[in-house]
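Participant:
In the working numbering, the protein residues as written are 642 to 898.
1. Compute the beta-carbon to beta-carbon distance between residue 724 and residue 832, rounded to the nearest angstrom, for a pair I have assumed lies under 8 angstroms.
2. Grouping DSSP H, G and I as helix and E and B as strand, with all else coil, what is residue 736?
3. Report the rounded CA-to-CA distance for residue 701 versus residue 689, giving the unit in angstroms.
4. Kindly indicate the opening and closing residues of the beta strand (DSSP E) around residue 699.
5. What's the call for residue 889, buried or exposed, on a 16-neighbour Cβ count within 10 Å?
6. Just reading off the beta strand (DSSP E) that residue 787 is part of, what are its end residues?
7. Terminal residues of the continuous alpha helix (DSSP H) containing residue 829?
8. Ordered along the chain, which non-local residues of its own chain (more than five positions away) have a Cβ less than 6 angstroms from that of residue 692?
9. Which residue comes first and which comes last in the beta strand (DSSP E) that contains residue 860?
10. Using beta-carbon positions only, say whether residue 729 and residue 712 come within less than 8 angstroms of one another.
11. Which of the three DSSP states, helix, strand or coil, is assigned to residue 875?
12. DSSP on residue 745, reduced to helix/strand/coil?
13. Have a look at residue 814 and residue 755 and give me their C-alpha separation to the nearest angstrom.
14. Which residue comes first and which comes last in the beta strand (DSSP E) that contains residue 708?
15. Return the residue from the list 800, 817, 799 and 708 that minimises the CA-CA distance to residue 727.
16. Given a cut-off of 8 angstroms, decide if residue 867 and residue 878 are closer than it, judged by their beta-carbon atoms.
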């Protein structure tokens, strides 16, 4: 009888050992999913990232450099931005804002927000379209408003399915969405703090003092105007280089008493 028990015990132990080996081998063959943004820029490796289910769309942040990355399924490369490019963030449930944080400085940012405020509100409200199709459908989004000239709005979806408010699925999705809204709020507050601590940036945007009509513009002023024209694509790079060379090689006129 004792021999039978010993043999049975040994067989059970061998079975557990075999199962452990199989599971360990299966786990070792799994390759960790490398973040898509990890290969974009040598200084950006996401410390936190959220990707929507089933599509290459989401958001990532790099906390040491205070950068965030917008990952869009319709773009080949993710877009990396400093925290100062983030103008506003909203946590939206079925199209209704629950929490929001908006930049307060500098005044240029406020003007930008007011300029596109209607589009911003419509963008957040448009998230209700899928929810309205099914009464029991619940949708949670974090909507971002950025300085991006082409596509300033970015919506990250955390839940879009039939779910019972207060249930496990809804609770987990809501906690995750609120956590990311908190991260975006920290970035916005940091950007405001940085803007307020650098008064020279505000002075740079003030109206320049009028120059006396008999005083010609300085080379720095002319180069600054050229750089602005090039940035706005009013002139080509070749025209900029030619004008720059002309300015730098023209001798300065003597100052008249």
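Don't be surprised by glycine CBs; every beta carbon is placed ideally from N, CA and C.
Facilitator: By the coordinates alone:
1. 5 angstroms
2. DSSP places residue 736 in coil when its eight states are reduced to three.
3. C-alpha separation (whole angstroms): 6 angstroms.
4. 699-703
5. exposed
6. Residues 778-787.
7. 809-837
8. 699
9. Note, residue 860: premise wrong, no beta strand (DSSP E); alpha helix (DSSP H) at 860-872.
10. no
11. coil
12. coil
13. 31 angstroms
14. Start and end: 708-712.
15. 708
16. no
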